[in-house]
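In full-length UniProt numbering, the protein residues as written are 1 to 147.
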């Protein structure tokens, strides 16, 4: 865990371009894709998150960041899904933010949230990918911005 995650709602912004994690189309359904989008006002709840018990939960839907299909491997899409009970079976939904801004799964600290292909555009998909280092890693580094 990382001590500077605020209790209240926040945006999760990419260090690559300042775009924030967003649920595509404002979906409240299980399986809604996680993308990045230009940061909107704090009343756009599909871009707001809270952190509780290792889960990043979307303010609008109440669903949590989830590695699709529990496939803890590179190139797996990140979606939102109903939170599971905290256990070994929930490691695809449990996340940690390290001091360098990487958000990794509890299951594998070397697999992190990544803007697919480093795309610098609204709607770029967020996937799980092997952690990179240096200047090529900005599409994998995030900052928490209180709402």
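Think of the CB as a built atom: it goes at the ideal place given N, C-alpha and C, for glycine as much as any other residue.
Exercise. Answer yes if the region 120-140 comes into contact with the region 45-53, meaning at least three C-beta pairs across the two stretches below 8 Å, and no otherwise.
Key: no
Quiz item: Hey, would you say the C-beta of residue 14 is under 6 Å away from at least one heavy atom of the ligand MG?
Solution: By its list of ligands, the structure shown contains no ligand whatsoever, and the ligand MG lies outside what it can speak to.
Quiz prompt | Sheet register partners of residue 14 (DSSP bridge) | solution = Here the question's residue 14 lines up with position 14 in the chain shown. Bridge partners of residue 14: 142.
Practice problem: Taking residue 24 as the reference, give the member of 44, 87 and 9 with the closest Cα. | Solution: Numbered from 1 along the chain shown, position 24 holds the residue referred to as residue 24. Closest by alpha carbon: 44.
Quiz prompt | Per-residue DSSP class, three states only, for residue 90 | solution = Residue 90 sits at position 90 when you count from the first residue of the chain shown. It is helical.
Quiz prompt | DSSP-derived helix/strand/coil call for residue 2 | solution = If you number the chain shown from 1, residue 2 lands on position 2. Unreliable placement is indicated for residue 2, whose pLDDT of 48 sits below 50; the coordinate value is still reported in the next sentence. Three-state DSSP puts residue 2 in coil, outside helix and strand.
Quiz item: According to DSSP, is residue 74 helix, strand or coil?
Solution: Here the question's residue 74 lines up with position 74 in the chain shown. In this structure, residue 74 counts as coil in the three-state DSSP scheme.
Self-check item: Cutoff 8 Å; reference residue 64; Cβ partners in own chain excluding five residues on either side
Solution: By one-based count along the chain shown, residue 64 stands at place 64. So the list reads 55, 56, 57, 58, 80, 81, 82, 83 and 93, once near-sequence residues are dropped.
Quiz prompt | CA-to-CA distance, residue 96 to residue 111, given in whole angstroms | solution = Here residue 111 is taken as the residue at index 111 of the chain shown, counted from 1. Here residue 96 is taken as the residue at index 96 of the chain shown, counted from 1. Looking at the two C-alpha atoms, the distance is approximately 11 Å.
Quiz prompt | Sequence-distant residues of its chain with Cβ nearer than 6 Å to residue 120 (five each side left out) | solution = Position 120 of the chain shown, counted from the start, is the residue given in the question as residue 120. Around residue 120: 17.
Quiz item: residue 136 by DSSP, collapsed to three states: which one?
Solution: Counted from its first residue, the chain shown places residue 136 at position 136. If DSSP states are grouped into helix, strand and coil, residue 136 belongs with the helices.
Quiz item: Exposed or buried, which one is residue 1 when buried takes at least 16 other CB atoms within 10 Å?
Solution: Indexing the chain shown from 1 puts residue 1 at position 1. Because residue 1 carries a pLDDT of 44, less than 50, the predicted location of this residue cannot be relied on, and the following value inherits that uncertainty. With fewer than 16 Cβ atoms within 10 Å of its Cβ, residue 1 is classed as exposed.
Exercise. Assign residue 114 to one of two classes, buried (16 or more other C-beta atoms within 10 Å of its C-beta) or exposed (fewer than that).
Key: As a working note, residue 114 is residue 114 in the chain shown. Label assigned to residue 114: buried.
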